[in-house]
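In the numbering used here, the protein residues as written are 183 to 428.
Where a beta carbon is used, it is the ideal one built from N, C-alpha and C, also for glycine.
This one's a predicted model, so the numbers in the text were calculated from it and none came from an experiment.
Worksheet: the structure to be examined is printed underneath.
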Amino acid sequence: MSAHFYAEYENSFFDFKDYTIDAADHEDHSFNGIMFDVSCQPIHAIKELIITSFWVRGALGDISVYCTLPQFSTHFGRNTAPQDWTTVFVGDVAENWTEYFEIKLNVPIILTSGESRGIYIHSRADHDLSIVYDNKRKNISGGDEYLEIWPGMAHTSNQPFSSNGGWGWRSNRQFVGRISYGVRHCCYGAPTHKYFPLSFRKKAIWFMVLHETNSSAFYFPREIVRYILNFCASVGSITINRRSGK
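Now the structure itself:
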């Protein structure tokens, strides 16, 4: 890759990696739906987190998956407001009790660093076996270094967003299943410098200072130095021998 090519496309290049996160599964209940929040951790230098699938189990059936609109960061107060949500999946899903079934979203859900959205997974089946979920046990239902899953509420009506039928909405419930997602990591550069950990920022600056003051005959253009730092950023570390400047 030439220095000119890299300089031109630096701001649009991201390292994409896939992840899967599981929520606890005690099979406490099953009914028509589960509504909860997910949030992207604010501590990483990432451009965006892209949710591609939810994995669930139960009798399932006529399934719809909804996500709150970008201006709404939580499901709270919006469980009967369909206008605040967008549909990301609709389809018939085969019954599966022993293993999670992957629901591949028609429209991926994109979160930026620190952003939260409400999620609603619902079945129109006219019985109480559609989607397995749990009682709330912790303040956070599940999570990893990038994504957190929060407790929410269960829905006991086969009509989405309705308070009629069954017991309506049941609070202190949590999602059972799995979430698949990808992460676009920001590459290192002046615009993204502040998003990286302090230890990495210090080493990156030292690395550039060493390059500018190095009396060796070997010299790289500044664009190539930043290109090297991008690869260091993708693995999260820089090692510098201060005595030799290597």
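Taking the Cβ atoms as the reference, Leu251 lies roughly 6 angstroms from Thr268, within the contact range of under 8 angstroms. The residue among Met217, Lys384, Trp388, Tyr201 with its C-alpha nearest the C-alpha of Thr338 is Met217.
Between Val220 and Arg299, the alpha-carbon positions lie close to 6 angstroms from each other. Under the 10 Å beta carbon count, Leu411 is surrounded by 16 or more other beta carbons and is classified as buried.
Around Cys222, the same chain offers Leu231, Leu293, Thr294, Ser295, Gly296, Glu297, Tyr328, Leu329 as residues with beta carbons nearer than 7 angstroms, after the five sequence neighbours per side are excluded. The DSSP-derived three-state label of Arg408 is helix. Within the stretch 331 to 410, the alpha helix (DSSP H) runs of at least 4 residues that lie entirely inside it are, in chain order, 380 to 395. Taking 8 angstroms as the upper bound for CB-CB distance, Ile285 and Phe271 are in contact here, some 6 angstroms apart. Nearest neighbour of Ile228 by Cα position, chosen from Asn317, Pro373, Phe389, turns out to be Pro373. For His208, DSSP assigns no beta-bridge partner whatsoever. Measuring C-alpha to C-alpha distances from Tyr302 to each of Phe378, Gly364, Gly347, Trp237 identifies Trp237 as the nearest. Put simply, of Phe402, Ile361, Pro333 the residue whose alpha carbon is nearest the alpha carbon of Tyr201 is Ile361. By the 16-neighbour rule on beta-carbons within 10 angstroms, Ser381 is exposed. Annotation for Ser221: the continuous beta strand (DSSP E) segment containing it runs 215 to 222.
The beta-carbon separation of Arg383 and His375, rounded to 6 angstroms, stays under the 8 angstroms limit for a contact.
Here Asp316 is buried. Its C-beta has 16 or more other C-beta atoms within 10 Å.
Beta-bridge partners assigned by DSSP to Lys286: Ser235. Gly215 sits close to Ala336, with the two beta carbons spaced by under 8 angstroms. In this structure the stretch 242 to 256 does not touch the stretch 344 to 360; the number of beta carbon pairs closer than 8 angstroms is below three.
With a contact defined as Cβ atoms closer than 8 angstroms, Ala206 and Gly324 qualify at about 6 angstroms. For the pair Arg355 and Lys320, the CB atoms are not nearer than the 8 angstroms cut-off.
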